[in-house]
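Before any comments, here is the structure.
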Amino acid sequence: MYLDEIRDYCLSKSGAEETLPFGPDTLVYKVNGKIFLLTGFDSDPVQFNVKCDPDKAVELREEFSDCVLPGYHMNKKHWNTVLVNGTLSNKQLRAMIDESYHLVRGKGKS
Numbered sequence: 001m002y003l004d005e006i007r008d009y010c011l012s013k014s015g016a017e018e019t020l021p022f023g024p025d026t027l028v029y030k031v032n033g034k035i036f037l038l039t040g041f042d043s044d045p046v047q048f049n050v051k052c053d054p055d056k057a058v059e060l061r062e063e064f065s066d067c068v069l070p071g072y073h074m075n076k077k078h079w080n081t082v083l084v085n086g087t088l089s090n091k092q093l094r095a096m097i098d099e100s101y102h103l104v105r106g107k108g109k110s
């Protein structure tokens, strides 16, 4: 999955918006004013942070230790950093984005 595919997928979500609150190098995707994904322009490989159920976050880190890490600069209990290095399929990557979106969207007004 390339950065433009991640961007398009995030923006396809109902109510999603793209913002740059941390400067021009970090894309931030929000729903209901809350962040559900962050990614940088200069990462090689592409990587992004997504929210995750705390128990599932640990399971994913254990199962995919080469590409799912505790959230960089985020609350490590609730956020994972996902490296797009070919280990996970696009379907798995989209599922992680979906979960983050639904966790965040559920906290705000629909």
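Read in my numbering, the sequence shown has 39 at position 39, and its numbers run on one by one without any break.
Beta carbons are placed, not taken as given, at the ideal position from N, Cα and C, and that holds for glycine.
| request: Name the two residues that bound the continuous alpha helix (DSSP H) containing N90. | output: On the sequence shown, residue 90 is found 90 positions in, with the first residue counted as 1. Counting along the chain, the alpha helix (DSSP H) containing N90 begins and ends at N90 to R105.
| said: What would DSSP say about V46, mapped onto helix, strand or coil? | reply: Residue 46 sits at position 46 when you count from the first residue of the sequence shown. Correct three-state label for V46: coil.
| Length of the line joining the Cα atoms of V104 and L37 | Here residue 104 corresponds to residue number 104 of the sequence shown, with the count starting at 1. Here residue 37 corresponds to residue number 37 of the sequence shown, with the count starting at 1. The straight-line gap from Cα to Cα measures roughly 10 Å.
| I think V28 touches F22, with their Cβ atoms under 8 Å apart; what is that distance to the nearest whole Å? | Within the sequence shown, residue 28 is the residue found at index 28, counting from 1. Within the sequence shown, residue 22 is the residue found at index 22, counting from 1. Their Cβ separation, rounded to whole angstroms, is 7 Å, which keeps V28 and F22 in contact under 8 Å.
| K56, DSSP secondary structure in three states | Within the sequence shown, the letter at position 56 stands for residue 56. In the structure shown, the three-state DSSP call for K56 is helix.
| Should V46 and V84 be called a contact, given that it needs their Cβ atoms to be closer than 8 Å? | Residue numbering aside, residue 46 sits at position 46 when the sequence shown is read from its first letter. Residue numbering aside, residue 84 sits at position 84 when the sequence shown is read from its first letter. In this structure, V84 lies closer than 8 Å to V46 by Cβ.
| field | Helix, strand or coil at L3 [DSSP, three-state] | value | For the purposes of this step, residue 3 is taken as the residue at position 3 of the sequence shown. Reduced to three states, the DSSP call for L3 is helix.
| With distances taken from CA atoms, which of D55, G40 and P54 is nearest F48? | Within the sequence shown, residue 48 is the residue found at index 48, counting from 1. The option with the nearest alpha carbon to F48 is G40.
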